[in-house]
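Chemist: Counting in our numbering, the sequence shown runs without a single skipped number right up to 628 at its last residue. Pasting a structure below so you can have a look.
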Amino acid sequence: MKKKEFKSESKRLLDLMINSIYTNKDIFLRELISNASDALDKLYYRSLTDKDIKVEKDDLEINVSFDEEKRTITVSDTGCGMTKEELESNLGTIAKSGSLQFKENMTQEEKINIIGQFGVGFYSAFMVADKITVTSLSVDSDQAYVWESEGADGYTITEGSRDSIGTDVVLHLKEDTENENYTDYLNEYRLKSLIRKYSDYISFPIKMEITHEHLVDEKEHKYEKHADVETVNSMIPIWKKDSKDVDEEEYNNFYMDKFNDFDKPLKVITSNVEGMCTYKSLLFIPTHAPADYYTQEYEKGLSLYTSGVLIMDKCADLLPDYFSFVKGVVDTEDLSLNISREILQESHSLKLIAKNIEGKIRKELETMMKDDREKYIEFFKTFGVQLKYGVYNNYGQDKDKLQDLVMFYSSKHEKLISLKEYVQEMKEGQDKIYYASGSSIAKIDSMPQVDQVKEKEYDILYLTDYVDEFAITAIQSYEEKKFMNVCDADLDLETDEEKEDTKKANDENSDLLKHMAELIGEVKEVRFTNKLKKHPVCLTSKGDVSIEMQKVFDAMPNDLGIKAETALEINEKHPIAAKLKKLYKKDKDLFDNYTKVLYSEARMIAGLPIENPTEISTLICDIISKE
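Encoded structure:
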């Protein structure tokens, strides 16, 4: 029989669809099963409105089988089937969709979930097959027809036979190549896995002949095989069940199985939203971060389903980066998919769903912080850095969403507290939120600059994560209270009398201090201070870049050349101040040695490297030996 040409486009279009539109060959089975599901839906719907069509719901099913010798995979359904004209129209015209037309002809009240709306999913089978044979008997015809094609060269339609209404799609697989192993699909386990991954929640049973082994002779280790036809899909997604009908163990088992985690989730979040966008979601907050979470290899995203069919395994657009730790699924019928169903087009619905999900997660975390602080702290110790990164990222545009979720260690309470809790307990007259940064709580607590703030009985937030100070900088102020680094040169906690004494000491020793600054070279200035209680020296910073920020920049692979503007401050009440004044007048060489040692001491306290440790060690030994 002479082949008919495809009506819509040439061989180039079909080649483009096969080689470019579909990037994942595995989805061919999903597309064929979705088409079969549509045919079952149509038949069942028609049986409700047409008295001449008798259908029992239990008779509606999909069967998947394979033949290794013939290299074929068959997908059969007991659906409505197709007439000759429908085969011509639906399969003879690329991008013609019977499902879409059927849906458009229904009233709003009648519409049911029709998955195959794009007319090209069927052709994804040519990614793995060099020949496709479709045998179909329509509910509206007594004659079955066979549609057959070997690709873009065309197709034939001939009369055929089928015992009952429905459709058989037979794929003859391509021969294996150096890069592609098509034989891999002729495997019971592989097909079963694909069904469960992509079509597990199709609402009709998908049946396969499953082989089982049982031991018949223990001594000889002999086994016998037998095959049973089994339903391999779950049919009803757990997220479509009423939450009151699902217990905690079911949610935990689903999470651990789907997301390959050995631990149950810390939190389960369910949503059933109707309105401007309609969707169901089942989200999980893990108890721990995956091994690759803080690497470039980690992929965020939620599993996206449309009417129970997996469209994207990880849809990144559904989660902001700061909630990238969340796992889960979203099922909706409101998305505009492109013709391959693999890539989402720009979609208002998708953005609306993502916005709702972000708000839901944030609200659940706020509730956990308020009502179950112990669990929230467990969560925050694992994923708090990600939240703080979200505060800082994108120039702080999301700070208002996240600032009430971040926590910092309180020097007064010796535990993590929120910014709101800090402000609520501020002393009368206190107008700033004080913080200090360092590599550990113990190191921060021993910093010279901390003593003065503690003496005023002000709480100090200890920032120990590399991103903390960047997050604080992005927030700028909380409830009109500005943040102040205790190591900031502009920290203003002295009394008027102390300020006057400090000014006098600096004015009287300006030459001494200028000489020290010139000798050191790396500091903006050297000055006497009254802020230090028992410590001799410290480094303070001024401007937008603190010493701790400089450490972060220094640790980056590329030298950004970003440095803190620092000052060396000397305790005017410490004996070392009197010693410096004396040496400056009597022994400039020894004075210079003292200067170098004191500056190195200040750098060491600040956690900065000493560039010339051997020289400083020698100077210390010389000074000690002279005393």
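Positions of the beta carbon are idealized from the N, C-alpha and C atoms, including for glycine.
Within 10 angstroms of its Cβ, does N559 collect 16 or more other Cβ (buried), or is it exposed?
Modeler: Taking the sequence shown and counting its residues from 1, the one referred to as residue 559 is at position 558. Classified as exposed, N559 has fewer than 16 neighbouring CB atoms from the shown chains inside 10 Å of its CB.
Chemist: Which residues bound the beta strand (DSSP E) around V170?
Modeler: Reading the sequence shown from its first residue, position 169 is the one you call residue 170. G167 to L174 is the extent of the beta strand (DSSP E) around V170.
Chemist: Please confirm whether D201 and S244 have their CB atoms less than 7 Å apart.
Modeler: In the sequence shown, counting from the first residue as 1, residue 201 sits at position 200. In the sequence shown, counting from the first residue as 1, residue 244 sits at position 243. The answer is no: Cβ separation not under 7 Å.
Chemist: By how many angstroms is the C-alpha of P238 removed from the C-alpha of R342?
Modeler: Within the sequence shown, residue 342 is the residue found at index 341, counting from 1. Within the sequence shown, residue 238 is the residue found at index 237, counting from 1. A caution first: R342 carries a pLDDT of 49, below 50, which makes its placement in the model unreliable, though a value can still be read off. Rounded to whole angstroms, R342 to P238 spans 20 Å at the Cα level.
Chemist: On a Cα-Cα basis, can you pick out the residue from Y280, D623 and S441 that is closest to Y467?
Modeler: Position 466 of the sequence shown, counted from the first residue, corresponds to residue 467. Comparing Cα-Cα distances from Y467 to each of Y280, D623 and S441, the minimum goes to S441.
Chemist: With DSSP collapsed to three states, give me the class of L138.
Modeler: Within the sequence shown, numbered from 1, the residue matching residue 138 stands at position 137. L138 falls in the strand class under three-state DSSP.
Chemist: From the DSSP output, in three-state form, read off R191 for me.
Modeler: Working through the sequence shown from its first residue, we reach residue 191 at position 190. DSSP places R191 within a helical segment (H, G or I) once states are collapsed to three.
Chemist: Could you give the first and the last residue of the continuous beta strand (DSSP E) run that contains K483?
Modeler: As a working mapping, residue 483 is identified with position 482 in the sequence shown. Per DSSP, K483 belongs to the beta strand (DSSP E) from K482 to N486.
Chemist: Suppose contacts are defined by Cβ-Cβ distances below 7 Å. Is V331 in contact with L305 by that definition?
Modeler: Locating residue 331 in the sequence shown gives position 330, where the first residue counts as 1. Locating residue 305 in the sequence shown gives position 304, where the first residue counts as 1. When the beta-carbon positions are compared, V331 and L305 come within less than 7 Å of each other.
Chemist: Run the CB neighbour count on C539, radius 10 Å, all protein chains shown included, and call it buried at 16 or more, exposed below.
Modeler: Position 538 of the sequence shown, counted from the start, is the residue given in the question as residue 539. Around the beta-carbon of C539, 16 or more other beta-carbon atoms lie within 10 Å, marking it buried.
Chemist: Could you give the residue range of the alpha helix (DSSP H) that holds G397?
Modeler: Numbered from 1 along the sequence shown, position 396 holds the residue referred to as residue 397. Here the alpha helix (DSSP H) through G397 covers R374 to G397.
Chemist: Counting pairs of beta carbons, one from the region 414–431 and one from the region 456–465, are three or more of them closer than 8 Å?
Modeler: yes
Chemist: What is the DSSP secondary structure of R363, reduced to helix, strand or coil?
Modeler: Position 362 of the sequence shown, counted from the start, is the residue given in the question as residue 363. Residue state, collapsed to three classes: helix.
Chemist: State the start and end residues of the unbroken alpha helix (DSSP H) segment that holds K552.
Modeler: Along the sequence shown, one-based indexing puts residue 552 at 551. Residues I548 to D555.
Chemist: How big is the Cα-Cα spacing for M517 and G608?
Modeler: What you label residue 517 is simply residue 516 of the sequence shown in a count that begins at 1. What you label residue 608 is simply residue 607 of the sequence shown in a count that begins at 1. Take the alpha-carbon of M517 and the one of G608: they are about 21 Å apart.
Chemist: Let me check understanding here. Comparing Cα to Cα, which of A579, A565 and K564 lies closest to I571?
Modeler: Taking the first residue of the sequence shown as 1, we reach residue 571 at position 570. Here the closest residue by C-alpha is A579.
Chemist: Checking the sheet assignment: what are the DSSP bridge partners for R604?
Modeler: Along the sequence shown, one-based indexing puts residue 604 at 603. Beta-bridge pairing by DSSP links R604 to no other residue.
Chemist: Closer than 7 Å, CB to CB, is M128 near chain D or not?
Modeler: Among the chains in the structure shown there is no chain D, since it carries only a single protein chain.
Chemist: For C316, which residues does DSSP report across the bridge?
Modeler: Numbered from 1 along the sequence shown, position 315 holds the residue referred to as residue 316. Per DSSP, L303.
Chemist: Quick one: residues in its chain with C-beta nearer than 6 Å to the C-beta of F592, no 5 flanking neighbours on either side, listed in chain order?
Modeler: Looking up residue 592 in the sequence shown gives position 591. Same-chain partners within the cutoff: L584 and Y585.
Chemist: Just reading off the beta strand (DSSP E) that L620 is part of, what are its end residues?
Modeler: Here residue 620 refers to the residue found at position 619 of the sequence shown. Careful: L620 lies outside any beta strand (DSSP E), inside the alpha helix (DSSP H) at P614 to K627.
Chemist: Would you please state the rounded distance, in angstroms, between the beta carbons of S411 and L462? I believe it to be under 8 Å.
Modeler: Numbered from its first residue, the sequence shown carries residue 411 at position 410. Numbered from its first residue, the sequence shown carries residue 462 at position 461. About 7 Å; that satisfies the 8 Å criterion.
Chemist: Counting Cβ pairs closer than 8 Å, one from the region 475–482 and one from the region 551–569, do we hit at least three?
Modeler: no
Chemist: Can you grab the Cα-Cα spacing for the pair D141 / H173, in whole Å?
Modeler: Working through the sequence shown from its first residue, we reach residue 141 at position 140. Working through the sequence shown from its first residue, we reach residue 173 at position 172. D141 and H173 have their C-alpha atoms some 29 Å from each other.
Chemist: What is the residue span of the beta strand (DSSP E) that R528 lies within?
Modeler: Counted from its first residue, the sequence shown places residue 528 at position 527. From DSSP, the beta strand (DSSP E) with R528 extends over E526 to T530.
Chemist: How many angstroms separate the CA atom of P449 from the CA atom of C488?
Modeler: For the purposes of this step, residue 449 is taken as the residue at position 448 of the sequence shown. For the purposes of this step, residue 488 is taken as the residue at position 487 of the sequence shown. Cα to Cα, P449 sits roughly 9 Å from C488.
Chemist: Tell me the DSSP secondary structure of E70 in three-state form.
Modeler: Working through the sequence shown from its first residue, we reach residue 70 at position 69. Here E70 carries a coil assignment [DSSP, helix/strand/coil].
Chemist: When you compare the CB positions of Y600 and I521, do they come within less than 7 Å of one another, or not?
Modeler: As a first step, residue 600 must be located in the sequence shown, where it is residue number 599. As a first step, residue 521 must be located in the sequence shown, where it is residue number 520. Yes, these two residues count as a Cβ contact at 7 Å.
Chemist: I'd like the list of long-range same chain contacts for E210, defined as Cβ closer than 6 Å, with 5 residues on each side in sequence excluded.
Modeler: Position 209 of the sequence shown, counted from the first residue, corresponds to residue 210. Answer for E210: A228 and V230, listed in chain order.
Chemist: Which residues in the same chain have their Cβ closer than 6 Å to the Cβ of K4, if we skip the five residues on either side of it in sequence?
Modeler: On the sequence shown, position 3 is the one that residue 4 refers to. Within the same chain, K4 has close Cβ partners G155 and T157.
Chemist: Just grab the DSSP bridge partners of F29 for me.
Modeler: As a first step, residue 29 is located in the sequence shown; it is residue number 28 there, counting from the start. DSSP, once it has assigned bridges, lists no residue as partnering F29.
Chemist: Mapping the DSSP letters down to three states, classify F590 as helix, strand or coil.
Modeler: Translated into positions along the sequence shown, residue 590 becomes position 589. Per the sequence shown, residue 590 should be read as Asp rather than Phe. D590 falls in the helix class under three-state DSSP.
Chemist: Assuming K433 is part of the beta strand (DSSP E), what are its boundary residues?
Modeler: The residue labelled residue 433 in the question sits at position 432 within the sequence shown. Note, K433: beta strand (DSSP E), K433 to S438.
Chemist: Counting pairs of beta carbons, one from the region 347–360 and one from the region 432–439, are three or more of them closer than 8 Å?
Modeler: no
Chemist: Can you tell which of S282, F471, L388 and K532 has the C-alpha that lies nearest to the C-alpha of D497?
Modeler: By one-based count along the sequence shown, residue 497 stands at place 496. Closest by alpha carbon: K532.
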